[in-house]
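S.K.: If you're matching positions, the sequence shown starts at 21 in this note's numbering and goes up one per residue.
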Amino acid sequence: MKKYTLQKWGRNLILSTMLSSCLIGVTAGPAYAAFLSDDEGGIEAHAEETEWKFRVYNGKYQKRLWSITYKKWLTEWEYC
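1) Residues in the same chain with beta-carbon distance under 7 Å from LEU71, minus the five sequence neighbours each way, listed in chain order, please.
2) May I ask which residues mark the beginning and end of the beta strand (DSSP E) holding LEU85?
3) Considering only residues of the same chain and omitting the five flanking positions on each side of CYS100, which have a CB-CB separation below 8 Å?
4) Considering only C-alpha positions, which residue in the set ARG31, GLN27, GLU69 is nearest to LYS91?
So, in structure tokens, the structure goes:
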């Protein structure tokens, strides 16, 4: 009888300790983003640069999209 009560008390102690540590972690403090000034650098997002290339093929105009950023074709030749 004493062993069962001790096990139950230990189990409740461990459970309450785990629960309280989870709650403390959530309410520890607000998260915020750090802002960098322009002279500090950092990560900047840039859009991919593309341009249309044109040609005359069998007397008809065609166009194809070229990625300047990745230096590869993005589309196949299509009539315009």
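Idealized CB from N, CA, C, for every residue including glycine.
M.R.: Looking at the atomic coordinates:
1) Here residue 71 turns out to be Glu, not Leu, going by the sequence shown. So the list reads TRP86, ILE88, once near-sequence residues are dropped.
2) 80-87
3) PHE74, TYR81, GLN82, LYS83
4) GLU69
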